[in-house]
Amino acid sequence: MYDKTIRGVLIKGDKTYGQITSEILAPQERKAPMWWFAFMTLFTIGLAFGVYSMYVTVTQGIGTWGLNNSLGWGWDIINFVWWIGIGHAGTAFSIFLLILRQRWRTSINRAAEAMTVVAVLCAGLYPMIHMGRIWNAFFIMPYPNSRGPLWVNFNSPLFWDVVAISTYLMASATFWYIGMIPDLASVRDRATSKIKKAIYGFLSFGWMGSARSWLRFETTALILGGLTAPLVIAVHSIVSMDFATSVMAGWHTTVFPPYFVVGAIFSGFAMVLTLMIIIRKVFKFQDFVTDGHIDAIGRILTFVSLIMGTAYSTEIFMAWYSGAEGEIYTFFHNRIAGDHTKAFWTMVSCNAIIPQLFWFKKIRKNLTMVFIISIIINIGMWFERYVIIVTSLTKDYLPSNWATYRPTIIEIGIYAGTLSIFGLGVLLFIRYIPMMAMSELKMILKPTSKK
Amino acid sequence: MSNYRILGVYNNEDKLLSSIHKIQESGITIHDVITPYPIHEVIEALKLKTRLPVVAFISAIFALFGTGGFLYWTSVVNYPLVFGGKPQNTLSFIIVIFVMLINVTAVVTILSFFIRDRKGPGAVPYLDYKGISDDRYVIVVDGKINTNEQVVSDLLKREGAVEVAQIGVPETKANH
Amino acid sequence: MKKYWKSLDELKENQEGNIPANEVAPEFSIEGLTEDEVKSKLKSNRRDFLKMLGFSVSTAALAASCEQPVRKAIPFLNKPEEVTPGTASHYASTFYDGNDYCPVVVKVRDGRPIKIEGNELSSITEGGTNARIQASVLGLYDSYRLNHPLKNGQKTDWTTLDSEITNALSGINVTGGKIIILSASVISPSMLRIFEEFKTKYPNTEVIYYDTVSYSAMRKANFETFGKEAVMRYNFADTEVIAGFNCDFLGSWLSPVEYALQYSKSRDLTNGKNTISKHYQFESWMSLTGSNADIRYPIKPSDEKVILANLYNYIAAKSGTPQIQVQASPVDISKLAEDLMLHQGKSLTVSGTNDVHIQTLVNAINFLTGNQGSTLGFERSSNLKKGIDERFEMLLGEMEQGKVDALFVYNVNPAYDYYDPAKFINALKNVKLSVSFGETPDETTKLCTYVCPDNHSLESWGDAEPFTGIYSLAQPCIQKLFDTRQMGESLLKWAGNTMDIHSYIQKYWEENLYPKQSEYLSFTDFWNHTLQKGVFEVQLGLYACPLYNFDYLMSLAPLMFADKPASGLELTLYEKVGLGTGKMANNPWLQELPDPITKAVWDNYLALSPTWAKENGFAMEDLVKINGTMELPVMLQPGQPYGTAAIAIGYGRTDGGKVANNLGKNAFVLASFINGSKQYSISSITIEKTGSTYPLATTQTHHQMEGRPLVRETVLGKWQQNPESGNELHRITEEKAVSLYKKPHYDSFHWELAIDLNKCIGCSACVIACQAENNVAVIGKEEVRKKRIMHWIRIDRYYSAVPPEKIGPDEFFNLEPENPEVFHQPVMCQHCDNAPCENVCPVAATPHSKEGLNQMAYNRCIGTRYCMNNCPYRVRRFNWYRYADNEKFDYNFNDELSKMVLNPDVVVRERGVVEKCSMCIQRIQEKKLKAKNENRMLEDGEINVACAQACPTKAIVFGNTNDKESRVSKLFDNARRYHLLEELHTLSSVGYLTKVRNKNVEDINENSEQHS
Amino acid sequence: MRNRIIFTPLFLFFIIFSLTTAAQNQPPVEYTVCSACHTIGKGKLIGPDLKGVNDRHDEAWLISFIKSSQTMVKNGDPVAVKLFEENNKIPMPDNNLTDDQIRGILTYIKNYDETAVTSTTTAEKPKSDVPASGQDDSSLKMQKQKYGPGNTRPTFIIFFVLFLIALIDLTFTKIIKAYFVHVIIIFVSIFVLGEIVYVEAKELGRQQGYSPDQPVWFSHKVHATQNQINCLYCHSTAMESKSAGFPSTAVCMNCHNVVKKGKITGEVEIAKVVNSWNTKKPIEWVRVHNLPDHVWFSHAQHVNVGKRQCQECHGKVEEMDKIVQVENLGMGWCVNCHRNTNVQFKENEFYKEFAKYQEEIKAGTRSRVTVDDIGGNNCQLCHY
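Protein chains in written order, with this note's numbering: chain A, 1 to 451; chain B, 10001 to 10176; chain C, 20001 to 21012; chain D, 30001 to 30384.
#1: Alpha carbons only, please: which of B:Ala10106, B:Glu10041, B:Arg10005 and B:Asp10117 is nearest the one belonging to Ser10019 (chain B)?
#2: Can you have a look at Tyr55 (chain A) and say buried or exposed, based on whether 16 or more other CB atoms are within 10 angstroms of its CB?
#3: Evaluate Asn20426 (chain C) with the Cβ neighbour count: other Cβ atoms within 10 Å of its Cβ, from every protein chain shown; 16 or more gives buried, anything less gives exposed.
#4: Going straight from the alpha carbon of Arg20296 (chain C) to that of Thr394 (chain A), what length do you get?
#5: Rounding to the nearest angstrom, what Cα-Cα distance links Tyr30233 (chain D) and Phe20095 (chain C) in this structure?
#6: Between the beta-carbon of Thr20572 (chain C) and the beta-carbon of Ser20681 (chain C), is there less than 8 Å?
#7: Could you spell out the range, first to last residue, of the beta strand (DSSP E) harbouring Pro20466 (chain C)?
#8: Reducing DSSP to helix, strand and coil, say where Val20404 (chain C) ends up.
#9: Taking 8 Å as the limit between beta carbons, can you name the residues of its chain near Glu20379 (chain C), skipping five residues before and five after?
#10: Relative to the C-alpha of Arg20877 (chain C), which candidate in C:Gln20134, C:Trp20792 and C:Ser20287 has its C-alpha closest?
#11: So that I know if they touch, is there some Cβ in chain B lying closer than 8 Å to that of Gly206 (chain A)?
#12: Quick one: residues in its chain with C-beta nearer than 7 Å to the C-beta of Glu20443 (chain C), no 5 flanking neighbours on either side, listed in chain order?
#13: Is Lys20932 (chain C) near Phe30345 (chain D), with beta carbons less than 8 Å apart?
#14: In whole angstroms, give me the CA-to-CA distance for Thr30152 (chain D) and Val30197 (chain D).
#15: Counting only beta-carbon separations shorter than 8 Å, does Pro10121 (chain B) have a partner in chain A?
#16: Give every residue of the same chain whose Cβ lies closer than 6 Å to the Cβ of Trp73 (chain A), excluding the five residues on either side of it in the sequence, and list them in chain order.
#17: What would DSSP say about Gln30145 (chain D), mapped onto helix, strand or coil?
#18: Work out the CA separation of Asn10148 (chain B) and Leu441 (chain A) for me, nearest whole Å.
#19: Closer than 7 Å, Cβ to any Cβ of chain C: which residues of the stretch 30293-30309 of chain D, in chain order?
#20: Compute the distance between the beta-carbons of Gly20462 (chain C) and Ser20188 (chain C), then report whether it is under 8 Å.
#21: Quick one: is Gln29948 (chain D) near chain C, going by C-beta distance under 8 Å?
#22: Cβ closer than 9 Å: which chain A residues qualify as neighbours of Gly30332 (chain D)?
#23: Spatial neighbours of Ala403 (chain A) within its chain, please: CB distance less than 7 Å, with the 5 preceding and 5 following residues excluded, ordered by chain position.
#24: Report yes or no: do the stretch 10092-10101 of chain B and the stretch 20745-20758 of chain C share at least 3 C-beta pairs separated by less than 8 Å?
#25: Who are the Cβ neighbours of Gly20370 (chain C) in its own chain at under 8 Å, not counting the five residues just before and after it?
#26: Residues of chain D with CB under 9 Å from Asp20905 (chain C), in chain order?
#27: Kindly list, in the order they appear in chain A, the residues whose Cβ is closer than 8 Å to that of Arg9944 (chain B).
#28: Go through its chain and collect everything with a Cβ distance to Thr20125 (chain C)'s Cβ below 8 Å, but skip five positions before and after it.
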């Protein structure tokens, strides 16, 4: 039971349990609005573009991208890391706060986790299509093949990626779904049409809410949380090792794992913020997603962006301190000054400087500002990956190989495709799934005797 | 017929709790309590326990050694290859082991949850009462053990159940 | 005796009337098959692609129908003794295409020549080759070749053609008309004999030689000054001072392969010698030779004569011979003069300018410095380059007046490479009977009435006498692919001699050369052994050095500087090291060979000095109009003298074939005919912007080392005091190196490469050799522009103006200087023992072998390109597209005929897999198997990788470092040895030896102030 | 009673006699050489039928003739010359055999018993029709069962259907109340399906049991076993080249310009060979043992250096009428062999390069050197 004297009210306009249910399920029970269909079509078109681009890539070859002998990775891995980063928010959000028993999470975690699942799906797409011979992708699995058998290379960060990301997808998806079961049950119970009842009945796994179920339910959630919390950290550390374990100047850095994890949480929270603000506006959820929530996330972002700033400066300092020509060149003559100056400073300003505005309560209160900054942060995070990958690869140890990189329409198309997948996912989510964990909201609602 | 149940429906958490205590005092065993959200008091009152953490722990141990053994066998015993002048048996195994540990444990836990709780696609609740997933609380008393249904229902009523109902058929009637 | 000293003629006996066909699926032998048959056979079965694993097939297979394509196996009908299917045999032969001469050994696999190597028994090249010779094998399978005789462009057959031509000739004989054989310089004695026979039948026949790039001024000068109309033989090997004047003797001048070898000998520091020759180079464009010079003076073409005259005067003053009236030299030549005087008879002054005055001066200088007869001389005078420009000019006149009744064009292409093609074309119209022996329907052949296609040199018998008394034989390594006939045979037939060329040459040798030797007692013995060896030398008697005729020099003196000094932008035409005169322009390998200096491919361009261009507002890739006619893009070339420009010849073919056509512009038309010889430098041209730009494809876009110790160099003086100088870093890194893991050790072999940067001249022969050996794909200009070139070995070229002792991190961003020092550094896969690329491959496609090689299993690769990103040397190549059987890449992988050049021991990589240098693993395996079969251990040098074998300067040495006696181990013990990026502790298997320049600090200062 | 006394020794004698004859009837080793060209009582092969040769010529003459027929012909021995003429001037190669060996052969020929031999040497059923006309897939199937994985499709479908039914019933139509039934079915079928998929995938692109019809119905059994022709006589390049080589028609003609009638197929098949020779058109054999394009394999390495027997990879070819691929020729198969096989370490000088192993063997710390030890499982041993 939640004691409101310790913390401020988490749900405004003292509601009854009934109200909670009806208000949160309202969007599903209403007819779909016009804008919903509009966006669906828009994203479907984007998806078609993406699918076409992937088709071209697979049938003609990676040559259709802007890569070259010096630069083996471009937008594919940039976007992969970016999506993974975004995909970190949801789980990080709900799980850390779950473990910390931060109850204000309850109205946000559902959406955050949904976002995670979709983002990780988008991310997972890239390592597949960036392969030269996607039809042999199964080689990467350690299955007992008939070649001796020849196993895979367990030293390779790419293999770690495969393991970690698939695990992460599995864990976060199940975590999200289990948490959803009781709410699906309530949808089922309120359903009027036969079909809807049947479908949601099937989806809700015959949930009834008996005390035993609740006990096991909470235990499972806790165990999963406990498992996924380290996983969240592991996954992005592993992604960072794709770079950290190599020899390239600007990649070969021990600060990468923490730096990437923080970066992931940074971009993730920003994305959560973006989404929640939209949902709140569209569905009038300001009673559930209160200014308190926005404020809290704002504070976190401020803190995290400070860490990012530290990471950047550490990198630069270490480069100078190491005295290694390659490092110095990469950081001082290729990032701070040189070809990729723009990208570098965009990254720094977007991630380390602009978020500092959150120090001001005014700005934290001003939704539009928060919204804009949250978007800026995600742009900044994209540029961070761009800087890391492109600068280090285009100007490597041997000046004779120095090259440039410009993405082709195909690469852009694939990016658009993944963005559309994300959009579609979100749209379907807000249409067919209770957007907030009702049962948990009810838990934190003050006990009421009047009826 | 053993599926004979007596239901007491409440609309107030406090009433529910008090009545649970009352009923237990009066020596009637409560079969189940259905709530729209987890109420720890209820769980305590019913003295429910779960062994899921044990399952999780065991599977974790299994995953740890299973994966470690597998990695060692594949890359040192079965088909040793040299990569970049490093020994075949490297520290990098830790990462895979760690992740696989989480993976296996998670899967096992979830599955055991579903199996133990008889939840899964197509499973149906035995009670379909309007609002149990919304804002109604139900105390379920097994009608087989406590044959004197009248007493039970009175008790429930007295404790403020907004409604008392039965599902299934009492055995006595079934005999005729 | 090695296996390849085997002759082919017994083989021919055995094969009479048989159809040796494919023996097992991969290999394929094509004697006596018509082109169509060949193609049909090739379709089915060849070990050329991984396509069996490709997208379509594998998916089809997954669709549960696991049926395999049935493979046929067609055995020989009657297996000839020579041919063991699946193993290669080697035949000694000779390469000569009118420009380059080289004794070669042809590797034949199941009757298919697939690779050309140098003949190690030759005293001229000692097994060296150059890019063109390596690439020439592809010409055999050129689908553009004529496969039957033509009359007025229509297919005809030999009998009718013979009868018609003989009739015409006898007709001309009656009327006493004039018959001209217009030919490239012929060095084959038997061919000369054939000409004689032809003349006896048709008395008023005249043979006129025409060289694409003329050396007639040199012949004239030699005649006037020494009374010998010949080209001297030069010997750079034991020179101590070399002065080159616009003379690219390492890249294109006279006999570059030979000179490269000699040069490297004079620059060698590994064989206990502790001094090297000093190389001054005065030149008007950045040539390969200039890039290797110790001291290089960029000069205007017009200044060359002045400088030489001053040099002559300086020396003449010392040796008391008459001097010449001349203005002061733009550069200080005293130091060079002193050096020349100091090393009497051990120096060499050469000029590549086709100008009698200049050649006369050069002869004088060489004579006065006592080189005549020591480092150069007429003793073994060269038979190359016999063309006399005036004679050809006269011929054109006669043709225009219709005085020429019959013109036989052999191995020349004036309609393309004469400076006024239109003139020649019109003149040709007035010739009644015009016959061409062209292999391909090129610009000239197109215009001739009759075309009697000549065999490819790999299909022909032949002999050569490049230098007096030095002979070599050429034998066919494959039966004729098409219905062609050797030119000599045609002439013989028309001359009424029915002998076939083979027996004719045999007869000639029996009569003329057999008597000159005493080793063999029977001619058949002599013939077979010579055929096996490929080369044969005759001892010469005593030889008296001719005296220099100073009167002629004096008579020229007043004329020399009569013409007014040049003004405006001066232009020089030069030969590219790869494409040369453009004869092989249809060869995709050569087109895609990066120019050693500019690293540009697929184009020629107008090279300008950066500063001059900046001042006049020209930028890279600007499209400019030259003399209002020719449009070419601008290439800013460091080292190009201020106020000069340079264009490469050999481009702009119109009928060169599908590859050659419409690449670049034909620069021959800019040449001119001034005082008796063709001039390849134009005193003043005008260029103006067109406003548009034209993209150039270069494989290297950054030219400084950024102060990184990639190419380490020192100067001779310092090296003599401390052999480790310039390479101190090596010791430091070795000491500082710490690793968690212990250094790997290999039980049996550890294959390693040593590359002597002091010997490597950057000629790029290795690049083509590797391409031919390892089936490396050609990808075309657009892809190269995207920096996706597939070559497994590349030659990094860096510019620098910083004296070696000043190299350090403080030299960031040094600007491209006017006269940079140039560094060539071959880079292939370094086969690191701690390879960064190996760790990161998820599918274990590139582990380390038990012999220290970094293996790449193409069929396991899934193409994540992680290894490419992680290779600090960037030597891994990715198949961005399917380069084989793809219309988009219509080069030598797209048509069945030219695919026959593929090496059956190496797969052609599929789309989407990473590939890289394998240290010619197929050769290692082959030789190991050979040793096992012969139940013995391997000898050092028995295995040789393609790049090392092709190298004309022996700069690359391959071997097993576990064997402490091997050559490579010895080089690894050298104090000059270091490894590229060794500070990364990749423990690479390729060792580089520091470059040592023969200069001292004041040279550097003078050199740099000279141009700053 | 008396009868018995008389009969017993007779009976015994018979037994003994038969035994001795049987004993003598084992063909001596040297005879295999002869049998390439001669038969005993089976008519003329290349050389004349040897039946009753002992009666035709006296032993001394035979011995000298067998030792070197040509010398006798040159010396103008009338009989020898006559024989030479009769057998259209095919010289009988000289044999360096001792007189006793030759006598052994002669005795073998003398008391040669057709029934006995025919029953021992070949169990061939007289093939009336020639099975080259493409109706031989029955035998191919048989071999597939024998070597390949066999046809697993039906099993697959059955279990797949079961799997689906169980799933559907478990979730929707709850006909069977007991869930464990579903569970068991599901798990079993998953296992079976997985196993099938694994096996099939392994065989994917492989041709174990592949036995196509050849343009000429050629029997290795007849040539290798009955006529004792060495493999290397036809596949001559196996010792020095990467490919063992298909015999050129000329090789066939060495014998078949005389042997015009086959034991099994009569004249039809041999006629094809002769025809190919006359029309100068090589026979287009169908390759049975194919390796993928990206595999580099050398016969010389295995046959000459490794001293492997042909049968180790190709199966008992000498017993096949129709050639069939016995092994799956997969990489796993190669690699495992490389792991278990010893190299000719002491025999071959080349392995002196491996100083370490040499010492270990001297020291006795190492008993064997497998192919794997000397880098036999490097990728680029076969893939480049």
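In this text, a Cβ means the ideal position worked out from N, Cα and C, and glycines have one as well. None of these values were measured; they are calculated from a predicted model.
Quick look at the numbers:
#1: Mapped onto the second sequence, residue 10019 (chain B) falls at position 19. Selected option, being the one with the closest Cα: B:Glu10041.
#2: Walking along the first sequence from the start, residue 55 (chain A) turns up at place 55. Its Cβ having fewer than 16 others within 10 Å, Tyr55 (chain A) is exposed.
#3: On the third sequence, residue 20426 (chain C) is found 426 positions in, with the first residue counted as 1. Residue environment analysis places Asn20426 (chain C) among the exposed positions, since fewer than 16 neighbouring C-beta atoms fall within 10 angstroms of its C-beta.
#4: As a working mapping, residue 20296 (chain C) is identified with position 296 in the third sequence. As a working mapping, residue 394 (chain A) is identified with position 394 in the first sequence. Spanning the two alpha carbons is a distance of roughly 33 Å.
#5: Translated into positions along the fourth sequence, residue 30233 (chain D) becomes position 233. Translated into positions along the third sequence, residue 20095 (chain C) becomes position 95. Near 40 Å, if we compare the C-alpha coordinates of Phe20095 (chain C) and Tyr30233 (chain D).
#6: Walking along the third sequence from the start, residue 20572 (chain C) turns up at place 572. Walking along the third sequence from the start, residue 20681 (chain C) turns up at place 681. Yes. Within cutoff.
#7: By 1-based counting over the third sequence, the position of residue 20466 (chain C) is 466. Segment Gly20462 to Phe20467, the beta strand (DSSP E) holding Pro20466 (chain C).
#8: Here the question's residue 20404 (chain C) lines up with position 404 in the third sequence. In the three-state scheme derived from DSSP, where H, G and I count as helix and E and B as strand, Val20404 (chain C) is classed as strand.
#9: Here residue 20379 (chain C) refers to the residue found at position 379 when the third sequence is read from its first residue. Arg20233, Gly20373, Thr20468, Leu20540 and Tyr20543, listed in sequence order.
#10: Start at 1 with the first residue of the third sequence, and residue 20877 (chain C) comes out as number 877. Ranking C:Gln20134, C:Trp20792 and C:Ser20287 by Cα distance to Arg20877 (chain C) puts C:Trp20792 first.
#11: Position 206 of the first sequence, counting from 1, holds the residue named residue 206 (chain A). Judged by the 8 Å Cβ criterion, Gly206 (chain A) is in contact with chain B.
#12: On the third sequence, position 443 is the one that residue 20443 (chain C) refers to. So the qualifying residues of the chain are Asn20413, Ala20415, Tyr20416, Thr20654 and Asp20655.
#13: Here residue 20932 (chain C) is taken as the residue at index 932 of the third sequence, counted from 1. Here residue 30345 (chain D) is taken as the residue at index 345 of the fourth sequence, counted from 1. No.
#14: To locate residue 30152 (chain D), count along the fourth sequence from 1; it is residue 152. To locate residue 30197 (chain D), count along the fourth sequence from 1; it is residue 197. It is roughly 9 Å from the alpha-carbon of Thr30152 (chain D) to the alpha-carbon of Val30197 (chain D).
#15: Locating residue 10121 (chain B) in the second sequence gives position 121, where the first residue counts as 1. By this cut-off, Pro10121 (chain B) is an interface position.
#16: Position 73 of the first sequence, counted from the first residue, corresponds to residue 73 (chain A). These residues qualify, in order along the chain: Ile389.
#17: Looking up residue 30145 (chain D) in the fourth sequence gives position 145. Confidence in Gln30145 (chain D) is poor, its pLDDT being 44 and thus under 50, which makes the residue's placement unreliable; the coordinate value appears in the next sentence. Helix.
#18: Locating residue 441 (chain A) in the first sequence gives position 441, counting from the first residue. Locating residue 10148 (chain B) in the second sequence gives position 148, counting from the first residue. If you take the alpha carbons of Leu441 (chain A) and Asn10148 (chain B), they lie about 39 Å apart.
#19: Of all residues in the stretch 30293-30309 of chain D, the ones placed with a Cβ closer than 7 Å to any Cβ belonging to chain C are Asp30293, His30294, Trp30296, Ser30298, Ala30300, Gln30301, Asn30304 and Val30305, in chain order.
#20: Taking the third sequence and counting its residues from 1, the one referred to as residue 20462 (chain C) is at position 462. Taking the third sequence and counting its residues from 1, the one referred to as residue 20188 (chain C) is at position 188. Yes. Within cutoff.
#21: Any question about residue 29948 (chain D) goes unanswered here, given that chain D covers just 30001 to 30384.
#22: Counted from its first residue, the fourth sequence places residue 30332 (chain D) at position 332. Chain A residues near Gly30332 (chain D): Asn145, Ser146, Arg147, Gly148, Pro149 and Leu150.
#23: Counting from one through the first sequence, the residue named residue 403 (chain A) turns up at place 403. If you ignore the 5 residues before and after Ala403 (chain A), its C-beta comes within less than 7 Å of the C-beta of Asn68, Ser70, Leu71 and Thr394, all in its own chain and listed in chain order.
#24: No, the stretch 10092-10101 of chain B does not touch the stretch 20745-20758 of chain C.
#25: Your numbering for residue 20370 (chain C) matches position 370 in the third sequence. Contacts found: Gln20344 and Gly20345.
#26: As a position in the third sequence, residue 20905 (chain C) is number 905, starting the count at 1. Correct list: Lys30242, Trp30296 and Tyr30384.
#27: One cannot answer for residue 9944 (chain B) here, as it falls past the ends of chain B, which runs 10001 to 10176.
#28: Counting from one through the third sequence, the residue named residue 20125 (chain C) turns up at place 125. Shown here for Thr20125 (chain C): same chain residues with a beta carbon closer than 8 Å to its own, the five before and five after excluded, namely Cys20102, Pro20103, Gly20118, Asn20119, Val20257, Glu20258, Leu20261 and Pro20952 in chain order.
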